[in-house]
Structure formats: C-alpha cells, structure tokens
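Take a look at the structure below.
Residue numbers (my numbering), protein chains in the order written: chain A, 463 to 852; chain B, 463 to 852; chain C, 463 to 852; chain D, 463 to 852.
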C-alpha cells in the first residue's frame, strides 16, 4: 500500500528517481509533521474536517514526531519520501480521516513548507555557531593583544600588523556574513503552504492562518513564484553559507602559513595536528586543510543548484529534488566548520618571540618615506629616494 | 616617465600582468578622480597640503573628469592602469604638487575606493532597470488581464493558470531580487580609503571625513578586512545580479516555450524575431536565447571570482585584479538584459484564442476531486476515483 | 589500538577531519588489499620480508577481501579509513609481521594505488553501460526506422528529420564519449605505488614489478607528479563522465519535449511515468528530469575537484581527501543514469501518426528555395522570393 | 543592404543579440574564407556553379583573406558577424555569383566549419607553446641539477627532494597534458560542412571532398550531432586547456612560496618582479599571481560553456553563440600563460645555499626508521620509536 496515489512505476525507474531522497527526508519528518498539524487545524477551521478528525490527526502527527525523536520512524525506500511515509501512517492508523489530510495541498507546497521550516532552524543554528566563533576570536585577540606581527601582501612581508588587527579583520568579516545570513533568513521566510502544485487551489483556504501558525514572516502570495523559488532560495542560502566558508578558507590559509616552522608566528597545539603514516616527525594542520576544502564543497553546491534550476520553464520539475542534498549538506558542513574553527581559535598559540624577530626593518619603509614627506619632500620623490636603498 | 615608481619590469611580463586592465580602467577614471579629490581635501585638512596645492590638485582632477567625459583622457598600455595615468598627469601638470597626491594612501585602497564608487552607481542603475522592467510587466499584465492559460508542471499541463498569475510571479520574484540588491548595496557601501596597503598608515588621516565626502554609508574600519573584501564583495554583488538573471532565464524559457506554434499562447512580434540564413520561414526568439545564456555568463563570473579569491592568505594578491572584468561585464550584461526584457514585455502578444482552446478538461481534474471531497469522499479516495478515468 | 601511529588528536577535530571518509572507504577495502598483496610480494622479492611472512600477509589480506565480500569487514569511525583498518587487522592477527606491511610505502601512495585500481574498474563499468545503451539506441532505431519527424532549431520546427537521424546523432555522440573514456582510462592508468609520501623512498624497491602485478599500463615515475596528479586525474575522469551526462541531459530534454501532448511524437509508457499527489491526470517524466539534473551534479563535482586542487603548492594536502566523495558519486550517478536511459530507449514509443501530421509545409521551405536555385535563380534571391510567402 | 536575408529586427534587440560577436568574428574571417573556398569548389564540382563563377568566388575570397591580413577587412556591427560581412562583400563585388555561395550550406555548418579550422590552428599553437615550456623546464633543470631541497606535504617540510625531482614533476605533467591536447585535437577534427542547419540538405553535396580539402580527419556524418557538438566540443577543448592551466597554477604557487624571503630556495630576478605604489621595498611576483588567477578564468569558461549547453533540446539555439568568447579567450590566456611561464623558467634562480641550509634533520626521519627496520625492527615499531623523539 506504499504509494497511496497508486503508481505502477517500473522498479528500476523508481529506485533511480527516489535516489537517496528517502534517507535525506529522515530529517524532514519533524518539519513535515509540524506543517501538517497547522494544515489540519486550518482544514477544520475552514470546515473541511470535524473537530474530532482534526484532533486525531494532530495527535497522530505528534506521535510521529515523538517516534522520530526516538529514531523509530524510519522512512523506507518504497515510501519514496517522508511525505508519503507520514500519510501512509495516518491512513493506516486513522483510516478515512488519514485520507483527508492531503485535501487543500499538493506535495509541492507540502515539501516547500517542510524545507523552509528546516531552513529557518538551520539558518538560526548557523547564526549561533558564527556568534560562538566570534566569541572565540575575541578571546584569542584578548589573550594575545598587543603583539606585533608582519602584515603580508603578495605573500611577502609588507607593513607592520598585529594580532589584534588580524583577529579583528575576521570578526568584522563574520559580522558582515551575519548580516547576509539575517537578510537571507528574512527573505526566504515566506509561507508557501496553500499554493498547491504551483497554481493555487480550486477551493477556499486560509493561508495567512497557517503562515502565522508556523511562524513565517509572510505569505508567499503568488503560487507560481512559490514553485519557482525552489532552487532560487536554496541558491541564495548556499551563497550566504559560502561567504562564511570563504572567511574560514582564508583564516585556514593564514594559520597554515603563519604556523610553518620557517615562519612560526602561530603554533597549532599537537592535539589539533595529525601525523603521517610514514614520517614520524610530521605535525600536519589537517583540520584547517579540510576546512579550506569545505569552502569548495559549499561553493560547488551553490553552483549545482543554480545550474539545475536554469533553462527550465516555470513550474515544478523533478530536477529540483536534487537540490535537497546540497542544501542539507551545505548546512552540515558550515555548522561543523564553524564549530571546528572555534576550537582552533580556543587552542591556537601565538609565538611572541618569533613575531618579534620577524619585525624586520623593511616593514618600516613607508614610515621612512613618510618621515621625509613630512619634512617637505614630495611623496613620490621620497618614495624613490628610499627605494634606491632596496 | 610612465611608471612613477620606477620598475624595471620585463616588457613581456608587464604586458602579461597588465592584460586588458588598462582598457577596463577607462571607466574608472571618473571614480578615481572623485576619490582623489576627497583625498586631496582631506590631506589639506590634515595639514599635509597647502590650500593652494589642494586647489590645484582638485582643479586638475576636475579637468581629467572633463577630458574623460569627452573621451579625451585615454589610458595607454604603458600607463598600466587609470591610477598611474592620473598621477602621471598630475605630476606632468603640477610638478611637485602632483607628487604629493599619493601621500596617505596606497594603490590598494585607491583602487578599492574607485571600484566601490563605481559599484554604488551601477547597483543603482540595475535597480532602475529592474524597476523599469517591473513597470513593463505591470503594463503587460493589465493589457492581457483575465486571460486564462494552462499552468505546467514537469513541462506538462497541470492546472488552470492565467496571464495575471504568470506575470505577477515574476513581478514578485524581481521584488525579492530588488531587496537583495538593496541589501548588497548597503553591505558593500563601506569606505576603504585610508586603509593603505591593507595594514593602515604610519600617520594620522581622517577616514571618516573622506567617507562622508564620498557618500559612503560607513568607514570599513579594519584595513586587513578592507583588502580581504576584494573578491568577497564582488562575489556578493555578482550573486545578486545572478538572481536577476535567473529570473530572466526563466521568463525567457517560458516565452520561448509558450510561443512555439504547437502551443502558441504567446507571439513574439516579427521585429523581435531573427531569421535563418537558409530557411526562409524561420522566426526565431534569439533575443530570449541570448538572455537565457547570459545567466550562465554572470553565474560563471560569480564562480570565477569566488575561486580566484580562495586558498590565499590575507592581504592583496595580484590575482584579484582579474576580478575586475567579471564584475564590470556582469553589470553590463545585467543592465542590457533587463532593458531587452522590458522591450520584450512591451511588445509580447498573447493569443487569447489559443489560450482558451488549451484549457482542456484534464486541467480541472483537481476540481473534480475536490467536488467529491466536499461531498464527503475522503480526498485520497476521491483522487483515486478520478484517477481511474485517465 | 586504533591509530597505529599514535596520534593524540582531539576527538572533535578527528571527527571533523575524518568526516564520511571511513564510510566511503568501505568500497576501497578490496582494492587496498589487492594493492597490499602486490606490495607484500615485492617486499619479499626485495628481501624485506621472509617467504613465510609474505605468505601470512597475503593469506590474511585474502581473508579480508573475503570478509569484505560478505559485508563483514566494517570500517569504524575510529579506524579513520580502510588503510588503518586493514593494517590494524594485520597487526592484530599477525603481530610483528603485520607491523612490517607499511615498510616501503606511505599512506599517500597506498591511497593513490587503491583509488586507481578502483577507477580502472569503474571506468570499465561505465564503458560497459555506455555500450549497452548504444545497443538500446540501435534497437530503438531499428524498431522505428523510416519514420519522419520535424527537426527543430531554436525550439521551432526547422527542417525534415527522422527517428533514424535523431537516434544516430546520440549514438555518434556516445561513440566520441567512449573514445574520451578510453583515453582517460589509459592516461590515469599509471602506478603510483612506491612513490611514498611524494618524494620517493630512502631504500630500493621494485616499482615496475608491482605495477605489472596490479595490471597498470605504466609506472608513474616522478613521485611529486604522482601526488600532484591527485585531484588532476579525478577532474579528468569527472570531465569524461560529464560528457556522457551532457548527452543524457540532451536526450532527456528531447524526450520530455517531444512527448508533451501538444507535440506527441514520443510516448513514455505509464510504467516510466510518475503521478502527482494532487492531480489524478498527471503522467510525469520524472526519470528524465532526474537524469537531466544528474548532469549538473557530475558537473559540479568536476568543478569542486578542480577548485579544491587549485592555489596549493606541490605535495599532498588533506584537502584532497574531499575529492573522494565526488569521484565515487560521479561514477555511481553515471552508471545509474546510463542504465536508466537504456531502459527508457527499450520502452520509449514513437507515435507515427503524430509525427506524420507534424510534417507541415514550412519544413520544406529550403526544398522550395533549392528548386528555384537549381533552375537558375541565385540562392539568395530564391531565398528572398520564398521568404515573402511567410 | 547589410542583412541579406532581410530581417526587420528591432535595433535594440539586434544590438543585444549581436553583442560583441562581430568583434570576436574578426579573427574568423580567414577561416570562413578558407571554408567558403572549399565550399565553392565543391559546388562547381557538383555542377551548381560554373567554372567561371567558382573562379570569381575563389579569387574574391582570397582577396578578403588578403585584406584581412592587412587589417583592412573590418566587420561592422550592422554586419552582425563575419559570415554576413563576407557574403555581403561577395554580392557587392560579384552580383548574382555572390548570391550563389550560400547554396548547399546554412550559417550553422558554416560557423562550425570556421570555428573548427580555428580550433585546429590554436590547438597546434598551444602544443607548440607547451613544448617550448618543456624546453625551458629542461634547461632550468640542467642548470641547477643536483641541488637538494626539502619536499613539502601539508605545506610543511616532509622529506628530501631536489630541483631535478621538482622540475621533472611538471615536465611529466605537461607531457600528459600534451596527450590530452592531442586527443582533443583528433576528436574535434571532424568536418561539419554540409550538415546545413542540423538536418542535412535537400540536395546532393560531397562532404568528403570538402572535408579533405580543409584537412579534416573525418566527416562528422550525423548533422544533428554536428549541431549538438557545439558547446560539447568547446567544453572538451577548454577542459584540456584547463589542465595545462592547473599545472601552471601549481608551479606558480610553488615558486611564490619557495621564493618568500623566509624560505628563499628560489629567487625571481627583479625584472620579473613588480613594485608597490607605497612600499619602496616590495618585489612582488605579480606575473605568477596573474598566472594562478588565469587558471580560474579558463576553468570558469569551461563551466560557462557546459552550463549554457545544458537543459536544451537538440538543434541550434542562439545561446551557443555565447560560447565563442570563452573559447577564444581560453586559447589566448593559455598561450600567453605558457609563454610567460617559459620566461619565468628561463630567468628563475635557485639559491643553492638556502636550499642546503634547509635540509634539516627531520627530513631524514624516514631514513632513520628504515635503518631500524632493516636491522629487524618491524616498521611500525621503528616508526613509533623515532616518533617519540619529535
């Protein structure tokens, strides 16, 4: 009785189209139930369900949430996805009442709803992790405040810098990332529930009611746009995550470079270093290398989503199902990377002595030029005068 | 006397590194002069220039702006870029006074300043064009309001839709794009002037003063972040543009598809159609095909910028120069595409009769199901009952 | 006793760096054992192992292969990867003899060896699947040979085409893909075993011997190149797969378009169609839509690998570990897509009548022009003469 | 009289669709004439032209080639592209005879032919440049042969390496790139001439004759495939170029890193270094940074082409015109980068003393382990014994 809407799909084709969707959907069970609860309440409010029917549906959906929390609501491949699994469960438990839950919605708006509830939560999680990293950076900065170190351009010593300046630069960058994250959170925070298959429904519903119930900031009025924003919104989210990852990529490069023994401004404690299977002396910054690579993963996810959504006409296409994995993994990778970077900042050591030794004379060449300039030599002449010394 | 800071660079290497930068820089001349004027005023305010020197510098910079407007300030390859060309001009005209303009800045913050002033303007232009397209969509919708047409999912007829619904869906999407554009405008609107080569300057300047003079919303305090945001900000801008282009891509697909003779809901007037060199009967929607392809150009620009900036340590690298072409072309393509799409909406015709004929029975299958549901058949049973008819 | 080379790595960092690598490695167990067997035989040949030690190692490695085939050799997260799991097993079983297996190799060349053996096999599998698809196309063509249909340019009817021409076009394209696949197979077919950590080994080994034993076409002589080709070779493979996927993408588009009821040249049998949760009449080509989207997945994998490998100095970096998932999934998706497309061609139906009806007059406009041309009117004049009729 | 096939295209739309195509086409003039000459000869051979007509066409096409070499055959925007400009010229000069040149071809196959002739030449140029770089690497290696230097993994000193090993690694990599380039050259070397608009021609032609005349290795038989290979072939070429660029990217990183003063194994002579506008002491490796960035440009071109070609049905779409710029620029960038890298290897200096000083004890840790192993300590125990020293 798996597929309630009775397809006779060829088994191989079904396996092919379902792919790993049924596994990914495991984490959407909660959100689909939450969405369905709001939907059921609305159905009753509109007179499409009796109070008793609504109560039974809400109870059973709560039951599924409870089972899912215990890891006991497993989606099987033949269920295809969480939405079918949940409707199946309702029908099995409640008979005709279960068969009424899908009135006034399509799987299209149902999926969109569950996904957006999930995005809301995950965007919040990313914000939390980013703030926690900001805290770690602040502590690191305080611990090593006042230490001068060389600033580099073109991977060569340029001018005097400091731990404070370096740490602050990333704090400022993350603060801008957080603004972008917030903007994205607000932009995608639109309720698609009630848009049906992308062209509305031939009956009256109360979209404002479900939107409020589910905590959405607004109703996404146009049903075609609701569908067309699948892929679009995901790419906007992934782009926001990629900006965080770009910063982590840069921090990773800095720490890897500043901690090579030839430079030695930083030291990664042994517990953050990995060894080699052949060279007993090696202490490798694998944690930062994986972080660096993670940027490229998230980036390619954004790219995948953007291209998958392109060159298609309006309305849902199954192609869009494949955007589920990149967005989910994108969130996972970003959260893990932020958390790992907090740990790095908590443990990272600055070698004061190496920093000091590295503050060599050429770093002050601009200072020399400026001294001459202030005494009256036009800047460009002063520059050329000092230049001849190098 | 081309390179004021006297490099002995190998000719081939110089050509290779300059690339087309001197050509792209032609459009930055104005912005660099504007930035330099604010800088000169600040220098005088701080006591680094006399009032007379400042006046001469400002006058000569105004002169360059004037020449540039007339197309008479040409950057030559040996100038390398607009910044050198302008400093050269000032030195040639004003002697020692010209040699003082580069005090308290580096080419790094100078370039960033010119670019951001340019971005501000171009983001404004994009907003204008997008609003003008919104106007065209609105007019189109009004002209054909009330006409029903099939809505598609999976490139197959699904449910009843209408011109109104279709046109509104893009209007809503562009409105969200405009929000993103606005956000981006505000985010990148930070003054980098005075951050020098990315590590500040060994003398006092007034960054707040120049920022206000240039109309920036805030000072980008951290000089390392100012440098590191090169590439980052460009990718954020290109991403915003790509969202506009994604919508144009979808509209293009819709119109191409809805106007094939086999479907014929839409008709592109002949003046918007291109012929074939061999087939006398052909009327092709080239304008929409170029538009569709343009999305992929802007998209690949975003990814070029994102990858160019990756896996590098903090501080400027010449790699970042190559982000100039994609951002400039990205703006050009977006503006041209928005403008072309306005024209399309102004001229696009709806074939009312074809739309009407296409409103076939199966489009109302959900209505039939809902009729049964409302009479008491649980939705899923009603669905299966109607399904057996197809 | 998990990590034989005794790291004190922080637990969170370890989890972060291992990621899903231990799961992906499950499918490398066999290849690592095969590589290790060849390595052990070489070690004995060079006098580094006794005959008895070699025998025991080979037996135990065979045992692991056997266990793995039964699904009984499970890599746990604390093992980190298959290589450690296998060495652990050998040490546990054989004591000191097990501790000798890693002499004359590093995990770097060991991983490369296992991966390349796996690539060889999977490239072979892809070839087989592509050939099987060629067979299905051939049968389809034979079944519907002689049926004319319109050929399209710019998504508009252009000139007469036929099922034969259409089917052949993809057969020819896949034949070129197979050439690329073959070329790739030969290019990456180089033995890295014995290159150690990328800088050779401070003792004599016999790389030619192990290369032949393992069926490699040649020894990859330079150890730095062996390391640097990680990422590079993977991107070449993924690019080859993406060419196959590009063809599948185009076929999918064609079939989706030619089977919309408004056109109806093709018909996808119901067993290959998916329904809708709300619209009882829908028959959707989901299988082709997933196929189309799969192109973008493989494409973004290539892109991810290419960017992960960039902007890094020579020698191994942990970043490269993240190229394992895209290459493995790239193979899986390509094989599954080829197989699903065979099925589609086996079942796809051509609607002869619709094809015939669609052979409208304008398709023959070039023929008319040519008739005039042959009678003496210069082509361009003839073209314009006919054009005036449309 | 610009557009011979009389379109009434709206001016803005025309500008938009033509874009910069008329400028890019300047370099195709020669190839289009060469293709047209072969076509004219074939037309006469088939009896579609008189001997006199053929002679006049060939002469005039030769004239255009001659004018073009002198820079005197300029394509104007209103010509749209080189193909129209050339046909216009023929008609203007030869009247009716000129109007006959387009018999038995479409602009589609005409463009493909010109492009492929151009690709053949440029692929040859890339091969030449790559071989010339191989020569430079060989000379560099000979000059500094025998110098030991540290080998790095994870950007940390790992094991002993040498200039020879380092230089050879890139030589080997380029040799593999050359194989790929050769393969690509052979794969795309198929004559599309005579496939018309993608569905053949309603009259007899001799495709084998023109293919041989133009030096193509084979006829691309299927006309649909000929069209569908637009975009596909370009992406295969760009991928081949990107592999060369990936190697250049890695060399660039190595030289930038090995030449930082803190490490100093390499020294870039001053004539290859760029200065700073503010810091008189700076000597920056801009040439290598631009090279590194160029990889990302070529890479993003490949992806642009790959995505532009996707999600479209068979047959020409104007979208494909936008693949012209990336392929042309891809060739330019690759040739320029190869040439610049030859220069770098010709001038690059190795600091023998710094290399020697850097050969510190830990680089020999594996040697120590192996000494113990050879004396009988199982490898893993020996490894752990030595490890405890670090």
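C-beta atoms are modelled at their ideal positions from N, C-alpha and C, and glycine is treated no differently.
Quick check on residue i: does DSSP put it in helix, strand or coil?
i	result
residue 842 of chain C	helix
residue 542 of chain B	coil
residue 551 of chain B	helix
residue 728 of chain B	strand
residue 624 of chain B	strand
residue 514 of chain C	helix
residue 778 of chain D	coil
By a C-beta neighbour count over all protein chains shown, 10 Å radius and 16 as the cutoff for buried, is residue i buried or exposed?
i	result
residue 512 of chain C	exposed
residue 653 of chain A	buried
residue 538 of chain A	exposed
residue 774 of chain A	buried
residue 463 of chain C	Any answer about residue 463 of chain C is weak, because its pLDDT of 37 lies below 50 and its placement is not dependable; what the coordinates show is given next. With fewer than 16 Cβ atoms within 10 Å of its Cβ, residue 463 of chain C is classed as exposed.
residue 818 of chain A	exposed
residue 748 of chain B	buried
residue 856 of chain A	This structure leaves residue 856 of chain A out entirely; chain A is present only between 463 and 852.
residue 482 of chain D	exposed
residue 776 of chain D	buried
residue 531 of chain D	exposed
residue 731 of chain B	exposed
From residue i to residue j, what does the alpha carbon distance come to, in whole angstroms?
i	j	result
residue 451 of chain C	residue 650 of chain C	For residue 451 of chain C there is no data in the structure shown, the boundaries of chain C being 463 and 852.
residue 766 of chain A	residue 759 of chain C	6 Å
residue 635 of chain C	residue 599 of chain D	38 Å
residue 493 of chain D	residue 522 of chain D	14 Å
residue 854 of chain B	residue 797 of chain C	Here chain B covers residues 463 to 852 and nothing more, so residue 854 of chain B does not appear.
residue 764 of chain C	residue 727 of chain D	34 Å
residue 826 of chain A	residue 621 of chain A	6 Å
residue 848 of chain B	residue 835 of chain B	11 Å
residue 671 of chain B	residue 678 of chain B	10 Å
residue 723 of chain C	residue 593 of chain C	31 Å
residue 669 of chain C	residue 556 of chain C	26 Å
residue 624 of chain D	residue 762 of chain C	36 Å
Report the CB separation of residue i from residue j in whole angstroms; it is logged as a contact under 8 Å.
i	j	result
residue 841 of chain A	residue 675 of chain B	Contact flag wrong, Cβ pair sits at about 21 Å.
residue 551 of chain C	residue 527 of chain C	Residue 551 of chain C to residue 527 of chain C, Cβ: 12 Å. No contact.
residue 778 of chain D	residue 615 of chain C	5 Å
Kindly examine the ligand HEM and report whether one of its heavy atoms sits closer than 7 Å to the Cβ of residue i.
i	result
residue 687 of chain D	Ligands displayed in this structure: none; no statement on the ligand HEM is therefore possible.
Proximal residues, the stretch 793-808 of chain A versus chain C, C-beta separation under 7 Å: 798, 802, 805
Residues of the stretch 831-845 of chain D whose Cβ lies closer than 8 Å to any Cβ of chain A, in chain order: 831, 845
Residues in the stretch 611-635 of chain D having any Cβ partner in chain C nearer than 7 Å: 613, 614, 615, 616, 617, 620, 621, 622, 623, 627, 628, 630, 631, 634, 635
Interface residues of the stretch 761-784 of chain D facing chain C [CB-CB below 8 Å]: 761, 765, 768, 769, 771, 772, 773, 774, 775, 776, 777, 778, 779, 780
Within 8 Å of chain C by C-beta, residues of the stretch 658-680 of chain D in sequence order: 658, 659, 660, 661, 662, 663, 664, 665
Members of the stretch 561-574 of chain D that neighbour chain C once the beta carbon cut-off is set at 7 Å: 561, 562, 564, 565
Residues within the stretch 726-737 of chain B neighbouring chain D, beta-carbon criterion of under 8 Å: 732, 733, 734, 735, 736, 737
Residues of the stretch 812-830 of chain D whose Cβ lies closer than 7 Å to any Cβ of chain A, in chain order: 824, 827, 828
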